[in-house]
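The opening position of the sequence shown corresponds to residue 427 in this note's numbering, with each subsequent residue numbered one higher.
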Amino acid sequence: MDYKYLLSMNTSKSFCYLSVNGMPAMDNSSTGKHGVQSSGLNATAFLENGTNTIELLFSDRTSENSSKFDPNARCETTLKKVSAVGDEEIISHIKLTVDKEGNTLTSESLNQIGRTGSEFEFMGMATAPDDEGFYKARKSFNLNGLPDWMWTKARPVTENDLPAIKNFYQEIINTLAHKDLDKLWKISKPAWDEWGMADNSNPRVFFDSMNFEELTDSKKYTSRMSPKWQDYRLVKYKEGRLFRLEKGVFGRSPIIMDENGTEYIYTYDPYLSIIDGKVVIAR
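Spelled out as structure tokens, the structure:
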């Protein structure tokens with residue numbers, strides 16, 4: 427590709443959670459609420475031609491026991507279109523800050539975000555159960571010229587697809603348990619091919635970065651072979667063209683490996699699609 431869409435998040439003395447088209451992208455939970463953090467990723471493979479959104483959840487309380495807001499609390503995200511030679515165009519931007527009275531403000535300080543088709547919405551304190559206690563802001567924007575990713579042409583998933591979805595998850599679990607990485611590569615290769623296209627990289631690099639070789643080492647990890655399906659719910663993204671089975675607030679996958687001798691776990695949580703009537707790994 428001649429360009430990428432790079433997403434960044436900058437935070438200070440706050441907890442921030444960023445999603446792209448409803449899908450989790452970044453958060454700063456690992457650094458707590460008091461540090462300054464910058465992070466970024468290539469969001470190209472999660473964007474499509476037409477309408478897209480970025481959404482920011484922001485909690486600026488200095489501690490759970492305090493009713494005061496730190497005046498230096500900040501949460502900011504920027505989406506840039508970056509060419510192969512380094513030319514940049516700002517596509518979207520959200521900045522949430524706190525004023526001296528402790529009110530959460532929205533800031534759209536960059537002129538470029540007023541592009542055609544963009545729409546900004548600040549919803550104040552979120553009311554959805556999973557988002558309770560956070561301020562929420564969403565930015566919509568239109569894109570064109572992207573590849574027609576396979577998930578963009580998928581049939582929307584329905585509850586009727588659940589038996590096939592569970593069978594597909596079980597196939598992945600069994601494949602990992604048998605350390606059949608060639609089969610796992612074959613199952614997931616179309617998704618890695620698109621990852622590679624979006625990043626101008628070798629698809630195998632993304633597959634290898636998942637550390638499946640180590641995670642299938644029975645001396646180190648043990649796969650959970652029989653998920654409690656009743657604990658999982660079907661979560662849809664982009665009108666159901668992407669989906670996962672998820673458990674709990676953080677969307678834990680049914681594909682779980684326990685690290686032997688510890689309480690640590692690893693989950694593999696791919697996004698799935700229905701393509702030509704079959705469940706496939708799309709991201």
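Here a beta-carbon is modelled for each residue, glycine too, at the ideal position from N, C-alpha and C. The structure displayed is predicted, hence computed values, not measured ones.
Practice task
Take the Cβ of I681 as the centre, count every other Cβ of all protein chains shown within 10 Å, and call the residue buried at 16 or more, exposed below.
Solution key: Counted from its first residue, the sequence shown places residue 681 at position 255. It counts as buried.
Problem - Straight-line gap, P497 to Y561 (C-alpha atoms, nearest Å) - result: On the sequence shown, position 71 is the one that residue 497 refers to. On the sequence shown, position 135 is the one that residue 561 refers to. Their backbone Cα atoms lie some 15 Å apart in a straight line.
Exercise for the section: Could you please give me the residues that DSSP links to M449 through a beta bridge? Expected result: Start at 1 with the first residue of the sequence shown, and residue 449 comes out as number 23. Listed as beta-bridge partners of M449 by DSSP are V446.
Handout entry: Cutoff 6 Å; reference Y595; Cβ partners in own chain excluding five residues on either side
Key = Along the sequence shown, one-based indexing puts residue 595 at 169. In the same chain as Y595, and ignoring 5 residues on each side of it, the C-beta atoms closer than 6 Å to its own belong to P680, in chain order.
Practice task
Pick helix, strand or coil for M427, following the three-state DSSP scheme.
Solution key: Position 1 of the sequence shown holds residue 427. Here DSSP, grouped into helix, strand and coil, assigns M427 to coil.
Problem - For T553, the three-state DSSP class (helix, strand or coil) - result: The residue labelled residue 553 in the question sits at position 127 within the sequence shown. Confidence is the limiting factor: at T553 the pLDDT is only 45, short of 50, which leaves the residue's position unreliable and the question unanswerable from this model.
Handout entry: Cβ shell of A499 (< 6 Å), same chain only, five flanking positions each side left out
Key = On the sequence shown, position 73 is the one that residue 499 refers to. In its chain, beyond the 5 residues on either side, K439, S440, D486, V524 have a beta carbon closer than 6 Å to the beta carbon of A499.
Practice task
Report whether the distance from the Cβ of E514 to the nearest heavy atom of the ligand ZN is below 7 Å.
Solution key: Inclusion of the ligand ZN in the displayed structure is not the case, the ligand content being empty and no account of it being possible.
Handout entry: Given G476 as reference, the closest of N447, N468, T503, E585 once Cα atoms are compared
Key = For the purposes of this step, residue 476 is taken as residue 50 along the sequence shown, with counting starting at 1. N447 is the residue among N447, N468, T503, E585 whose C-alpha sits nearest the C-alpha of G476.
Handout entry: Exposed unless 16 or more other CB atoms sit within 10 angstroms - verdict on M435
Key = Along the sequence shown, one-based indexing puts residue 435 at 9. Under this definition M435 is a buried residue.
Practice task
Taking all protein chains shown into account, decide if S518 is buried (16 or more other Cβ within 10 angstroms of its Cβ) or exposed.
Solution key: One-based indexing of the sequence shown puts residue 518 at position 92. In summary, S518 is buried, with 16 or more beta-carbon neighbours lying within 10 Å of its beta-carbon over all protein chains present.
Problem - Chain-order list of residues whose beta-carbon lies under 8 Å from that of W584 (same chain, five-residue window excluded) - result: Along the sequence shown, one-based indexing puts residue 584 at 158. Reading off the sequence, residue 584 comes out as Thr, not Trp. Within the same chain, T584 has close Cβ partners G666.
Handout entry: Rounded separation between V661 and N686 - CA only
Key = Taking the sequence shown and counting its residues from 1, one reaches residue 661 at position 235. Taking the sequence shown and counting its residues from 1, one reaches residue 686 at position 260. C-alpha separation (whole angstroms): 30 Å.
Exercise for the section: Pick out whichever of M636, Y658, G674 has its Cα sitting closest to the Cα of Y692. Expected result: Mapped onto the sequence shown, residue 692 falls at position 266. Ranking M636, Y658, G674 by Cα distance to Y692 puts M636 first.
Practice task
Return the bridge partner residues of D684 from the DSSP annotation.
Solution key: Mapped onto the sequence shown, residue 684 falls at position 258. D684 pairs with T648, I691.
Handout entry: Residues bridged to S699 [DSSP beta-bridge criterion]
Key = For the purposes of this step, residue 699 is taken as the residue at position 273 of the sequence shown. Looking at the DSSP assignment, S699 forms a beta bridge with V706.
Handout entry: Neighbourhood of V508 by C-beta distance below 7 Å, restricted to the same chain and skipping five residues each side
Key = Taking the first residue of the sequence shown as position 1, residue 508 is located at position 82. Here V508 has Y429, K430, L432, E514 as same chain residues with Cβ atoms under 7 Å from its own Cβ, once five neighbours each way along the sequence are excluded.
Practice task
Measure the beta-carbon distance from I613 to I520 and round it to whole angstroms, keeping in mind my assumption that it falls under 8 Å.
Solution key: Mapped onto the sequence shown, residue 613 falls at position 187. Mapped onto the sequence shown, residue 520 falls at position 94. Wrong, their Cβ atoms sit about 36 Å apart, outside the cutoff.
Problem - Where R630 falls, given that 16 or more other Cβ within 10 Å makes a residue buried - result: As a first step, residue 630 must be located in the sequence shown, where it is residue number 204. Exposed, since its Cβ has fewer than 16 Cβ neighbours within 10 Å.
Problem - M683 versus S644, N454, K654, residue with shortest Cα-Cα distance - result: For the purposes of this step, residue 683 is taken as residue 257 along the sequence shown, with counting starting at 1. Answer by Cα proximity: S644.
Handout entry: For K565 and E502, the rounded distance between their alpha carbons
Key = Position 76 of the sequence shown holds residue 502. Position 139 of the sequence shown holds residue 565. Across the structure, E502 and K565 are spaced so that their CA atoms are roughly 12 Å apart.
Handout entry: Beta-carbon proximity of A624 to T470, cut-off 8 Å
Key = For the purposes of this step, residue 624 is taken as the residue at position 198 of the sequence shown. For the purposes of this step, residue 470 is taken as the residue at position 44 of the sequence shown. Contact annotation: A624 and T470 have beta-carbon atoms nearer than 8 Å.
Practice task
Could you give the DSSP three-state label for G571: helix, strand or coil?
Solution key: Walking along the sequence shown from the start, residue 571 turns up at place 145. DSSP places G571 in the coil class of the three-state scheme, outside both helix and strand.
Exercise for the section: Would you kindly work out how many angstroms separate the C-alpha atoms of L482 and Y663, rounded to a whole number? Expected result: To locate residue 482, count along the sequence shown from 1; it is residue 56. To locate residue 663, count along the sequence shown from 1; it is residue 237. For L482 and Y663, the distance between alpha carbons rounds to 16 Å.
Exercise for the section: Excluding the 5 residues preceding and the 5 following Y601 in the sequence, name in chain order all residues of the same chain whose CB lies nearer than 6 Å to its CB. Expected result: For the purposes of this step, residue 601 is taken as the residue at position 175 of the sequence shown. A small fix is needed here, since residue 601 is Thr in this sequence, not Tyr. Correct list, in chain order: K609, L610.
Handout entry: Own chain partners of W655 with C-beta closer than 7 Å, once the 5 adjacent residues on each side are dropped
Key = By 1-based counting over the sequence shown, the position of residue 655 is 229. Cβ neighbours of W655 within its own chain (closer than 7 Å, five residues either side excluded): K592.
Practice task
Could you check if D702 is buried or exposed, using at least 16 other CB atoms within 10 Å of its CB as the buried criterion?
Solution key: Residue 702 sits at position 276 when you count from the first residue of the sequence shown. Exposed: under 16 other Cβ atoms inside 10 Å.
Practice task
Alpha carbon to alpha carbon, how far is K526 from A580? Give it in angstroms, no decimals.
Solution key: What you label residue 580 is simply residue 154 of the sequence shown in a count that begins at 1. What you label residue 526 is simply residue 100 of the sequence shown in a count that begins at 1. Rounded to the nearest angstrom, the two C-alpha atoms are 48 Å apart.
Practice task
Enumerate, from N- to C-terminal direction, the unbroken beta strand (DSSP E) stretches of 3 or more residues contained entirely within the segment 621 to 674.
Solution key: Scanning the segment 621 to 674 from its first residue to its last, the whole beta strand (DSSP E) runs of 3-plus residues come out as 647 to 649, 659 to 663, 668 to 672.
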